[in-house]
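Notes for the one structure printed next.
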Amino acid sequence: MNAGDHERSPGAVGARVYSTSFLRMYDVGVLGFNNHVAWRCPTSRILEHYNEFVSGNHLEAGVGTGWFLDHCQFPVPDPRIGLIDLNESTLQTASTRLSRYTPETHQADLLEPVHVQTDPFDSLGLCYLLHCLPVDPAQKTQVVPNLRSLLNPGAVVFGATVLGDQAGHNTVGRLMMWGLNRTGVFSNRDDTVEILTTGIEEHLDLVSLEIVGRVALFAGRLRPGTADPDHPDRRTERHAAPKRPGSG
Ligand SMILES: C[S@@+](CC[C@H](N)C(=O)[O-])C[C@H]1O[C@@H](n2cnc3c(N)ncnc32)[C@H](O)[C@@H]1O
Numbered sequence: 003m004n005a006g007d008h009e010r011s012p013g014a015v016g017a018r019v020y021s022t023s024f025l026r027m028y029d030v031g032v033l034g035f036n037n038h039v040a041w042r043c044p045t046s047r048i049l050e051h052y053n054e055f056v057s058g059n060h061l062e063a064g065v066g067t068g069w070f071l072d073h074c075q076f077p078v079p080d081p082r083i084g085l086i087d088l089n090e091s092t093l094q095t096a097s098t099r100l101s102r103y104t105p106e107t108h109q110a111d112l113l114e115p116v117h118v119q120t121d122p123f124d125s126l127g128l129c130y131l132l133h134c135l136p137v138d139p140a141q142k143t144q145v146v147p148n149l150r151s152l153l154n155p156g157a158v159v160f161g162a163t164v165l166g167d168q169a170g171h172n173t174v175g176r177l178m179m180w181g182l183n184r185t186g187v188f189s190n191r192d193d194t195v196e197i198l199t200t201g202i203e204e205h206l207d208l209v210s211l212e213i214v215g216r217v218a219l220f221a222g223r224l225r226p227g228t229a230d231p232d233h234p235d236r237r238t239e240r241h242a243a244p245k246r247p248g249s250g
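Using the numbering used here, the letters of the sequence shown correspond one by one to residues 3 to 250.
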């Protein structure tokens, strides 16, 4: 992608708000306030979700400030981490924060098939990405096949997303939903758990789906055979395989 191309790509509207100054307020405003008061899903619960499903060979898509990767417990001391996002500022902010892991960074619009030259990953995090995507609710899980060339067969895909109006938001939540959808930061008014589940099951074997407050927490495994056939399984041996869901 050339400089400036990201501004013209289909997903630009959901990514451009994350300037360096916006990101300075993100952890307090979104993770501190919105999660507790508006969405009623404590940040600690999402962190537990990371601790359960993150692998030692992890790709994070839609990275924000990198707070969850900074605080989660990886199953190995030296995880390999990939960060992929459309926005240069988030990549810069998250990679600086996670510099102890020397993450690799990739700039791409996840609404389009992604092809970058790198070894594939064993887990993919999609935290608070889907509700930003300016497409029909049924199209949002298309990010999974768009990223499949970067994933090993059987990779675990997990994340969280704020549900739309049908979830029955409280007063603060309704206000936030109105403002965030109006400005294009969110595009999630019509997102429902049913549409999300159908979308996930199109690409993944569903492992868990839990609604906490107005947030859906999900996890699934890429079906064998759904990884990019052109991309050989080049699992990096120094990194442990992801924990098997249910193994504690
Ligand atoms: C709400 S933030 C989530 C940050 C982080 N995952 C978290 O939960 O704290 C959404 C992130 O997705 C990125 N993003 C939004 N639309 C995107 C797209 N079409 N392609 C790639 N990244 C996108 C934004 O730049 C931002 O980093």
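Cβ coordinates follow ideal geometry from the N, Cα and C atoms, glycine included. Remember, predicted model here, so these are calculated numbers, not experimental data.
Under 6 Å Cβ to Cβ from residue 215, same chain only, skipping five residues before and after it: list those, please.
So the list reads 41, 42, 43, once near-sequence residues are dropped.
Is any heavy atom of ligand 1 found at a distance shorter than 7 Å from the C-beta of residue 134?
Indeed, a heavy atom of ligand 1 lies less than 7 Å from the Cβ.
Any non-hydrogen atom of ligand 1 closer than 7 Å to residue 69 Cβ:
At least one heavy atom of ligand 1 sits closer than 7 Å to the Cβ of residue 69.
What is the DSSP secondary structure of residue 154, counted as helix, strand or coil?
Residue state for residue 154 is assigned as strand, using DSSP reduced to three classes.
Collapsed DSSP secondary structure at residue 26 in the structure displayed:
helix
Within the continuous beta strand (DSSP E) that includes residue 210, where are the two ends?
206-214
Would the beta-carbon of residue 17 be found less than 7 Å away from any heavy atom of ligand 1?
yes
What are the start and end residues of the beta strand (DSSP E) that includes residue 108?
106-109
List the whole-angstrom C-beta distance separating residue 201 from residue 140, where the pair is believed to meet the contact cut-off of C-beta under 8 Å.
6 Å
Express the C-alpha separation of residue 181 and residue 166 in angstroms, rounding to a whole number.
13 Å
Do residue 113 and residue 63 have their C-beta atoms closer together than 8 Å?
no
Run through DSSP, which three-state label would residue 76 get?
coil
Could you please give me the residues that DSSP links to residue 55 through a beta bridge?
Partner(s): none; residue 55 has no beta bridge.
Taking one C-beta from the region 84-96 and one from the region 55-69 each time, how about it: are there three or more such pairs within less than 8 Å?
yes
Identify every residue that forms a DSSP beta bridge with residue 43.
DSSP lists no partner for residue 43.
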